[in-house]
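Visitor:
Numbering (the working numbering), first residue to last: 1447 to 1541.
Quick look at the structure:
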């Protein structure tokens, strides 16, 4: 009986989360050639008081790992000392 209750709760919660919408925004200026860029780095965003938001601890590592793997797959190199381009991850969860 407990397994049935737990299964129903998990089903309800997963159904509830599947109703949310994912919104992604990015900006790419027209006329800029990105083909020569081979190295990148990430900037660590913090609030004005230097503290990370709670949701940064949960979602940011997953997003950064996925994006880094995608860039490495495209032939780019992670170079924190002399990158040709620097990325910053800013995300906001909507309720």
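Cβ coordinates follow ideal geometry from the N, Cα and C atoms, glycine included.
These figures come from a predicted structure and were not determined experimentally.
Just to confirm my understanding: we take residue 1514, look at its own chain, exclude 5 residues before and 5 after, and list those with CB closer than 8 Å. What are they?
Guide: So the list reads 1488, 1524, once near-sequence residues are dropped.
Visitor: Roughly how many angstroms separate the alpha carbons of residue 1536 and residue 1450, rounded to a whole number?
Guide: Using only the alpha carbons, I get a separation of about 40 Å.
Visitor: From 1485, 1481, 1508, pick the residue whose C-alpha is nearest to that of residue 1533; which is it?
Guide: The shortest Cα separation from residue 1533 among 1485, 1481, 1508 belongs to 1485.
Visitor: Assign residue 1472 to one of three DSSP states: helix, strand, or coil.
Guide: Note: residue 1472 maps to coil in three-state DSSP.
Visitor: Can you tell me the Cα-Cα spacing of residue 1521 and residue 1504, whole angstroms?
Guide: Taking the straight line from one Cα to the other gives about 28 Å.
Visitor: For the beta strand (DSSP E) containing residue 1481, list its first residue and its last residue.
Guide: Taken as a continuous stretch (DSSP letters only), residue 1481 belongs to no beta strand (DSSP E), as it is neither H nor E.
Visitor: For residue 1531, which residues does DSSP report across the bridge?
Guide: DSSP lists 1486 as partners of residue 1531.
Visitor: Taking the DSSP output, what are the residues bridged to residue 1524?
Guide: Beta-bridge pairing links residue 1524 to 1486.
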